[in-house]
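So the structure is just underneath, and the comments pick up after that.
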Amino acid sequence: MTQQPTTLVEQQQQQAKWKSWLQQLLALVGLVLIFLVFTIAAPGTFATKENITTIVFSAVVIGLIALGATLVIITSGIDLSCGTGLAFTGAITTIAIVQWGMPVPLGIVVGLCSGILLGVVNGSMVALMGLPPFIATLSTMMIIGGLALVITDVHPIYYSKDVADQSWFLWMSTGEVIPSVPNAIWVLVLAAVVAYIIANKTIIGRYDVSIGSNAEATALSGVNVKKWIIVIYAIAGFFTALGGIMMCARLGSVQPQTGSGYEMQAIASAVIGGTSLAGGKGSIPGTIIGALIISTINNGLRILSLPQQWQNVVLGLVIIATVFIDQLRTKQAKNA
Amino acid sequence: MEYDPTLLLQVEGVSKSFPGVKALDNMRLDLRKGEVLALVGENGAGKSTLMKLLTGIYTREEGQFWLNGEPLEVKNPREAEEKGLSIIHQELDLVPHLSVAENIFLGREPVTAALFTSNRTQVKRARALLESLGMNLDARQKVGELTVAKQQMVAIAKAMSFDAKVIIMDEPTSALNEEEVEQLHDLIRGYVKPDTGVIYISHRMPELKRIADRVTVIRDGQYIDTLMMADVTTDQIISKMVGRAINVDAKPVGVRGDRATILTVEGLTTKSLLKDVSFELKEGEILGVAGLMGAGRTETARAIIGADPRESGTITLKGKEVHFRNAAQAAAHGIGYLSEDRKGFGLMLNLSVTHNIAISSVGDKFSKFLFEDKKAMRKAALAGEELLKIKTPSVDQLVKYLSGGNQQKTIIARWLVKDCDILIFDEPTRGIDVGAKEEIYQLLNRLAGEGKSIIMISSELPEILRMSHRIVVMSEGRVTGTLDGPTATQESIMALATHPEEVFA
Chain P
1 MTQQPTTLVE QQQQQAKWKS WLQQLLALVG LVLIFLVFTI AAPGTFATKE NITTIVFSAV
61 VIGLIALGAT LVIITSGIDL SCGTGLAFTG AITTIAIVQW GMPVPLGIVV GLCSGILLGV
121 VNGSMVALMG LPPFIATLST MMIIGGLALV ITDVHPIYYS KDVADQSWFL WMSTGEVIPS
181 VPNAIWVLVL AAVVAYIIAN KTIIGRYDVS IGSNAEATAL SGVNVKKWII VIYAIAGFFT
241 ALGGIMMCAR LGSVQPQTGS GYEMQAIASA VIGGTSLAGG KGSIPGTIIG ALIISTINNG
301 LRILSLPQQW QNVVLGLVII ATVFIDQLRT KQAKNA
Chain B
337 MEYDPTLLLQ VEGVSKSFPG VKALDNMRLD LRKGEVLALV GENGAGKSTL MKLLTGIYTR
397 EEGQFWLNGE PLEVKNPREA EEKGLSIIHQ ELDLVPHLSV AENIFLGREP VTAALFTSNR
457 TQVKRARALL ESLGMNLDAR QKVGELTVAK QQMVAIAKAM SFDAKVIIMD EPTSALNEEE
517 VEQLHDLIRG YVKPDTGVIY ISHRMPELKR IADRVTVIRD GQYIDTLMMA DVTTDQIISK
577 MVGRAINVDA KPVGVRGDRA TILTVEGLTT KSLLKDVSFE LKEGEILGVA GLMGAGRTET
637 ARAIIGADPR ESGTITLKGK EVHFRNAAQA AAHGIGYLSE DRKGFGLMLN LSVTHNIAIS
697 SVGDKFSKFL FEDKKAMRKA ALAGEELLKI KTPSVDQLVK YLSGGNQQKT IIARWLVKDC
757 DILIFDEPTR GIDVGAKEEI YQLLNRLAGE GKSIIMISSE LPEILRMSHR IVVMSEGRVT
817 GTLDGPTATQ ESIMALATHP EEVFA
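Chains as they are written, first to last, in this note's numbering: chain P, 1 to 336; chain B, 337 to 841.
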């Protein structure tokens, strides 16, 4: 038998827990509803195995960078460089493996390190130079977007299925350890678990919400806020690189001109999942649901042959609607 | 109490709850025509909740308001003003870059054709109003250029321009000097006529004795008593507020003799303000730091803990020279700083009591290789809650729902959990009510008795005199003197705080 909450406060805390559960449940229900709408609107083409696989592959890349974006947004920061970061880290990984002939694991490590370095640069500009996160990461977004083109000479670089090592690289995304479930999903699940542990079980997550809630007070409490901001941006950079690697593995190549625009979808995923742009509050499971919602809408609109420009319009409206609902909810909580 | 149509304002059986607290419980209050009613209670007693209910910011769950014999139902402060009920908040809601006249008529500017506001009419009306109130103010001057006392006048003039029958003043004198307080009181006496009244909320007892006719005491959201001001003593009011008898003049226990020096500051100088600041802190000592606003007391504390850079000077901790680059290093060496601005620099308001207590120690005490030990954190928070008697329904409660005194105790608990030897308290009792103040004082004494060394920065001279073993007085970035606690007087401190040029001449 479970113990019944006795006091008013315990009851209210119980309610608050339920509310937070409910919020994620609502996002999940939203996802299911969107899925049903497209299934009905595009019979025979949307809810097919191939198409769902397509959605999942896109959700993996968006989800991976959204995990990093969530941790950064919780500090009340923002990371705009995660979009072009996909192309940049992907290009470095691919060059290391295909052009320099590095073994795949080593190439992956090099790629991940480039992402971490990107994050360290972002975090240092924010924490040490005092630049606003928006400006700092907007600059790196442009710089690495440019560098991705420079180092690839604006040409895609392809992996070859004939080289055993490189075909293993592609297997990471499209292979199926369990039949019908692409490996990319497991990478996302694993990454999400790691992000969840960081956010909820470690002092990094503790400092993350604390900095987002009140950075000055956190610093005066004896936390080396500058160091931890750099650490958190570095973790975001790691997830960006993971996203870049998975994107290359899916496409069998690096496409140096892609990536831009993904940052907005990552931020939107976090916000839809209940992460507050004001900082101090966020949810990793929510972000994953958010990424699935964004990918589903993207894909569904494409299936319905809605032109790209209209897809952006719809996505924008979805973001407005979610944030508005979130604000209503916050207001209600305040007046309760 | 029954409904009485002769009363100016009547509050009857009003209740309001928030998550975890019953903020008001069957509250009542009555304001007679032509009187000044003092409303007193500790922070968190429900004063501001009552104000917010009266002006429609919150909606009440039970009970009734009457204004001038009519049931009062308002949805927002503007509507309350229009019905003759104005509130002048502690933080004045005036727009600094607008003129006096513009502030008075904000939102109801005289309009000529096609929505253009008529500045001339507005200024003319404002002048007439100010003159009728006997206020010597320039209607065209920007409010931001005025002293706080004059801004207060503008707020009152604004209230009067609505033809207010009831004005509620929330801590109107917290930023005023004696002379300005007198001016304000004259203004209030001039305003109170046979058909108007004032509710005056304040913690300053002597002031209430002078201005108020009656006093209503509330505690923990409940009505306690209403008394004629002439019939009660300050101590009686305070004991009703806190629910027990206390003696406000108690002196510290056991003034310390010669102890080992734990911290030496020598020649501390910063770019912005500090010049050659030197003093010593002894073990188990409460060292008071007195001075006027801008004397450099907070800056000294921040420079010591490395929150602000220093230009020159040495700091010696337990015989070793130290140079902290940030507060984290100071904390690691056992120095904790409690800011004067709890909300801005002390608390993570949207996070739990546990978080706020554990945040300083989670990195070394409550974690193993980055993974935090939530059980140990909670245990420490519970221990802190019990030791300092933090009043909270649970340590999982968000710290923003705690009263000022309990928030302060939460921060103290943070540094005790961290095992700090040196605690720098910056205005430890600012914004804290009488009862909680007393608890904080006893806590400081106890900590000093247990061997903690305390630097207590305070602007309240009685507090400095009562608590300090020794007193460092600062003025314009310099230390102008060090006094012995037991022999110091308000006069001797003020002499050092206000006349630095004589010392250095």
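Note that the Cβ used here is the ideal one computed from N, Cα and C, for glycine as well.
- For the pair Asn200/P and Arg714/B, the Cα-to-Cα distance works out to about 15 angstroms.
- For Gln733/B, the secondary structure class from DSSP, reduced to helix, strand or coil, is coil.
- Taken atom to atom, the span from the alpha-carbon of Ser124/P to that of Asn51/P is near 41 angstroms.
- Residue burial annotation: Phe134/P is exposed, with fewer than 16 other C-beta atoms found within 10 angstroms of its C-beta.
- Tyr196/P: member of the alpha helix (DSSP H) spanning Asn183 to Lys201, first to last residue.
- Taking 7 angstroms as the Cβ-Cβ cut-off, the region 671-684 of chain B approaches chain P at Tyr673, Ser675, Gly680, Phe681, Gly682, Leu683 and Met684, given in chain order.
- According to the DSSP assignment, Thr823/B belongs to no beta strand (DSSP E), since it is labelled neither H nor E.
- Trp21/P counts as exposed, since fewer than 16 other C-beta atoms from the protein chains shown sit within 10 angstroms of its C-beta.
- Here Gln257/P carries a coil assignment [DSSP, helix/strand/coil].
- Taking the beta carbon of Val209/P as reference, the chain B residues within 9 angstroms of it are Met684, Asn686, Leu687 and His691, listed in sequence order.
- Per the DSSP secondary-structure output, Trp402/B pairs in a beta bridge with Gln346/B and Pro407/B.
- Closest in alpha carbon position to Gly261/P, among Val29/P, Leu71/P and Gly85/P, is Gly85/P.
- Residues of the same chain with a CB within less than 7 angstroms of the CB of Gly83/P, apart from the 5 flanking positions on each side, are Met141, Gly259, Ser260, Gly261, Tyr262 and Glu263 in chain order.
- For Gly740/B, no Cβ of chain P is located within less than 8 angstroms of the residue's own Cβ.
- Among the residues facing chain B, Leu128/P is not included, as its CB has no counterpart in that chain under 8 angstroms away.
- Taking C-beta atoms as the reference points, Ala663/B and Gly111/P fail to come closer than 8 angstroms.
- In the three-state reduction of the DSSP assignment, Asn412/B falls in the coil class, being assigned neither a helical nor a strand state.
- Within the region 189-222 of chain P, Lys201, Thr202, Ile203, Ile204, Arg206, Val209, Ser210, Ser213, Asn214, Glu216, Ala217, Thr218, Ala219, Leu220, Ser221 and Gly222 place their CB atoms closer than 7 angstroms to a CB of chain B, listed in sequence order.
- Under the DSSP assignment, Val534/B falls in the beta strand (DSSP E) whose first and last residues are Gly533 to Ile537.
- Chain-ordered, the chain P residues with CB closer than 7 angstroms to the CB of Arg750/B read Ser221.
- For the region 278-291 of chain P, the set of positions with a beta-carbon nearer than 7 angstroms to some beta-carbon of chain B reads Gly280 in chain order.
- Separation of Phe35/P and Ala291/P (C-alpha to C-alpha, rounded to the nearest whole angstrom) is 13 angstroms.
- Interface residue (Cβ-Cβ distance to chain B less than 8 angstroms): Asn224/P is classified as such.
- For the region 692-703 of chain B, the set of positions with a beta-carbon nearer than 7 angstroms to some beta-carbon of chain P reads Ile695, Ser696, Val698, Gly699 and Ser703 in chain order.
- Closest by C-alpha distance to Val809/B, out of Val553/B, Gly632/B and Leu408/B, is Gly632/B.
- Excluding its 5 nearest sequence neighbours in each direction, Gly741/B has C-beta neighbours in its own chain below 6 angstroms: Ile768 and Ala772, listed in chain order.
- Taking the beta carbon of Phe707/B as reference, the chain P residues within 9 angstroms of it are Ile197, Lys201, Thr202 and Ile203, listed in sequence order.
- At the C-beta level, Gly682/B and Ala359/B stay beyond 8 angstroms of one another.
- Excluding its 5 nearest sequence neighbours in each direction, Ala217/P has no C-beta neighbour in its own chain below 7 angstroms.
- Proximity of Asn439/B to chain P, defined by a Cβ-Cβ separation below 8 angstroms, is not satisfied.
- The beta carbon of Gly817/B lies closer than 6 angstroms to those of Val809 and Leu832 in the same chain, with the five residues before and after it left out.
- Residue environment for Ala41/P: exposed (fewer than 16 other C-beta atoms within 10 angstroms of its C-beta).
- Rounded to the nearest whole angstrom, the C-alpha separation of Leu25/P and Pro413/B is 38 angstroms.
- DSSP places Lys460/B in the uninterrupted alpha helix (DSSP H) bounded by Asn455 to Ser468.
- Between Val187/P and Met246/P, the gap from beta carbon to beta carbon is short of 8 angstroms.
- Contact with chain P is absent for Ala639/B, since none of that chain's Cβ atoms lies less than 8 angstroms from the residue's Cβ.
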